[in-house]
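A short worksheet on the structure shown next.
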Amino acid sequence: DGGITQSPKYLFRKEGQNVTLSCEQNLNHDAMYWYRQDPGQGLRLIYYSQIVNDFQKGDIAEGYSVSREKKESFPLTVTSAQKNPTAFYLCASSIGWGQGNNEQFFGPGTRLTVL
Amino acid sequence: ELKVEQNPLFLSMQEGKNYTIYCNYSTTSDRLYWYRQDPGKSLESLFVLLSNGAVKQEGRLMASLDTKARLSTLHITAAVHDLSATYFCAVDGTSGSRLTFGEGTQLTVNP
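The listed protein sequences correspond, in order, to chains A and B. Read in my numbering, the first sequence has 22 at position 22, and its numbers run on one by one without any break. Read in my numbering, the second sequence has 191 at position 76, and its numbers run on one by one without any break.
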């Protein structure tokens, strides 16, 4: 089955600790995205990547970092610089820019809690 | 900067009733997407609208796009409890492949 997987489903972080959230897709999509969702709120874009080895900051990139070394993978690191990281993190992918349809497909999400 | 506004943000309705959720956006685009999110879950794609006048229907939901008015509607017919969820619209802007999402409409259908 094609799809997007995220792990872990739940993650607990101590203050001052960096943590990495995994996102993998086997849809052969070029573009991948990371969003943050706070309770009762909409989605805010953290980072996105339109092609391997390239990525751009979204609207709330401070305190986060990403890499895109493989087409299938787009891990997100939440650094200690992110002061309020408790949130629901969603990864998505789409075929890619210029394809006429930018429908995004979402993974199941990772719920991060700071202890 | 592309802005996307949904209204209402909260909607409580009775089973069997009809209602419409509106999605307005600020700059030219002819591609719009609707998603559903259940509490504690991820987003699920509902409709993809890729041209002016596009209309898609699935069960009790029907979505349409008017690119000249910069407006999409999500119409609910004879609501049932299972439709209770948060609905997001997202618009294809000019910055590559990224989408701009509305704030979401939290729909509650009461028996």
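Glycine is no exception: its CB is placed at the ideal position from the N, C-alpha and C atoms. Quick caveat: nothing in here was measured; it's all calculated off a predicted structure.
With three or more C-beta pairs closer than 8 Å as the rule, is the stretch 165-177 of chain B touching the stretch 64-83 of chain A? no
Do you know whose CA, among Thr86(A), Asn26(A) and Val66(A), lies nearest Phe105(A)'s CA? Asn26(A)
Ordered along the chain, which non-local residues of its own chain (more than five positions away) have a Cβ less than 7 Å from that of Gln129(B)? Asn225
Tell me whether Leu165(B) sits in a helix, a strand or coil according to DSSP, three-state version. coil
Spatial distance of Asp207(B) from Ala61(A) (CA atoms): 20 Å
Determine the direct distance from the alpha carbon of Arg36(A) to that of Phe12(A), and round the result to whole angstroms. 16 Å
Taking only three categories from DSSP, how would you classify Asp197(B)? helix
Endpoints, the beta strand (DSSP E) within which Trp97(A) is located: Premise fails: Trp97(A) is in no beta strand (DSSP E) and is neither H nor E.
Residues that Trp34(A) contacts on chain B, provided the C-beta gap is smaller than 8 Å: Ordered by position in chain B, no residue passes the 8 Å Cβ test against Trp34(A), which lies about 11 Å from the chain.
For Phe93(B) and Ile136(B), what's the separation of their Cα atoms in angstroms? The question about residue 93(B) has no answer, for chain B in this structure spans 116 to 226.
Considering just the uninterrupted stretch of the beta strand (DSSP E) at Arg13(A), what are its terminal residues? Tyr10 to Arg13
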